[in-house]
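Protein chains in written order, with the numbering used here: chain Y, 636 to 713; chain W, 5 to 230.
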């Protein structure tokens, strides 16, 4: 099954990339965008037997750096 | 000053490992062991371990993230725990934070751009193994070359680092947006130093300066005697 791990910067952590994207959006002439935060999505294809605990370990130990990032794990229905 | 047993770890994508090995050999008189990331063990009886700059694993996931989980890092973490001095420069600093040997994280430079130039630093702690050859408050010039050098830690961690004298070097000019202009930090025991600037690129006159040399001299002198 597919598991999606969404990684985002914690609140209060400056996001220079998000800011640059924001400026670029405005440069295209779009208005009304108040803030942009860039993150990443990592998709895993796993056996049904892989536990939530194991997925959490993977996210905490490697996929996210919890000093600066939050993560959210979702099992994606086929 | 023979008998200084050091090791330089090379990860796939390291590119300052040769400069680091050269600096260690020139200052100590003994060529370091060259250790590959896939090795499970370090040479016996090491006095000093260096993690060089570069772009290990192409900076995949996060700078230093993959290298920090490579086989040799288990041995480096274990050696650091026994008190073996570990120096991480640039990507090596990123690896040390990712491996949990140093607090905080190194994020994308606040100005987005890669910064590659000589910068002025202030020596904040001249009592450590690595910095005893400098005077507190001394201004030195060392090059930086990085994209992810923006040091981040929460306020409580920053206060603790400052209170415990663990900020080794501070930028004396704006460079990358680092919290409190931190350029290098020590671990609690003082045997692990991570820094973004490259002291190994400033050890002889032909480099345009020698301000990095005292770091290696301090370590060699402190470990095997003058």
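For glycine and all other residues, C-beta sits at the position ideal for the given N, C-alpha and C.
Because the structure is a prediction, the values reported are computed rather than measured.
Handout entry: 9 Å Cβ cutoff met for residue 202/W and residue 67/W
Key = The residue given as residue 202/W occupies position 198 in the second chain. The residue given as residue 67/W occupies position 63 in the second chain. Their beta carbons are not under 9 Å apart, which means residue 202/W does not touch residue 67/W by this criterion.
Practice task
Provide the residue span of the beta strand (DSSP E) that contains residue 147/W, from first to last.
Solution key: Within the second chain, the letter at position 143 stands for residue 147/W. Looking at the DSSP string, the run of the beta strand (DSSP E) that includes residue 147/W is 143 to 150.
Exercise for the section: Classify residue 693/Y as helix, strand or coil using the three-state DSSP reduction. Expected result: Walking along the first chain from the start, residue 693/Y turns up at place 58. It is helical.
Practice task
Find the nearest neighbour of residue 98/W within the set 122/W, 86/W, 131/W and 62/W, judged by alpha-carbon distance.
Solution key: Against the second chain, residue 98/W aligns to sequence position 94. Residue 62/W is the option with its Cα nearest to residue 98/W.
Practice task
May I ask you to list, following chain order, the residues of the segment 96 to 122 of chain W that have a beta carbon less than 8 Å from some beta carbon of chain Y?
Solution key: So the close ones are 101, 102, 107, 108, 109, 111, 112, 113, 114, 115 and 116.
Handout entry: Whether residue 196/W touches residue 187/W by CB criterion (9 Å)
Key = Counted from its first residue, the second chain places residue 196/W at position 192. Counted from its first residue, the second chain places residue 187/W at position 183. No; because the gap between Cβ atoms is not below 9 Å, this pair is not in contact.
Exercise for the section: Establish whether the CB of residue 685/Y and some CB of chain W are separated by less than 9 Å. Expected result: Counted from its first residue, the first chain places residue 685/Y at position 50. No - not a single Cβ of chain W is within 9 Å of the one on residue 685/Y.
Problem - Alpha carbon of residue 693/Y to alpha carbon of residue 210/W, nearest angstrom - result: Counted from its first residue, the first chain places residue 693/Y at position 58. Counted from its first residue, the second chain places residue 210/W at position 206. If you take the alpha carbons of residue 693/Y and residue 210/W, they lie about 47 Å apart.
Handout entry: Contact under 9 Å by Cβ, residue 231/W with residue 139/W
Key = The structure shown does not extend to residue 231/W, since chain W spans only 5 to 230, so no value can be given for it.
Exercise for the section: Starting from the Cα of residue 674/Y, find the closest Cα among 666/Y, 645/Y and 711/Y and give me that residue. Expected result: For the purposes of this step, residue 674/Y is taken as residue 39 along the first chain, with counting starting at 1. When each option's Cα is compared against that of residue 674/Y, the closest is 645/Y.
Handout entry: Close-in-space but distant-in-sequence residues of the same chain around residue 663/Y (CB under 7 Å, 5 per side omitted)
Key = The sequence position of residue 663/Y within the first chain is 28, counting from 1. Nothing meets the Cβ criterion.
Handout entry: C-beta contact flag for residue 676/Y and residue 642/Y at 9 Å
Key = Walking along the first chain from the start, residue 676/Y turns up at place 41. Walking along the first chain from the start, residue 642/Y turns up at place 7. Contact flag set, yes.
Exercise for the section: Output the distance between the C-alpha atoms of residue 661/Y and residue 55/W, rounded to the nearest integer angstrom. Expected result: The count along the first chain starts at 1 and reaches residue 661/Y at position 26. The count along the second chain starts at 1 and reaches residue 55/W at position 51. Each residue's alpha carbon lies about 41 Å from the other.
Exercise for the section: Can you give me the start and stop residues for the alpha helix (DSSP H) that residue 77/W sits inside? Expected result: Indexing the second chain from 1 puts residue 77/W at position 73. According to the DSSP assignment, residue 77/W belongs to the alpha helix (DSSP H) that extends over 75 to 85.
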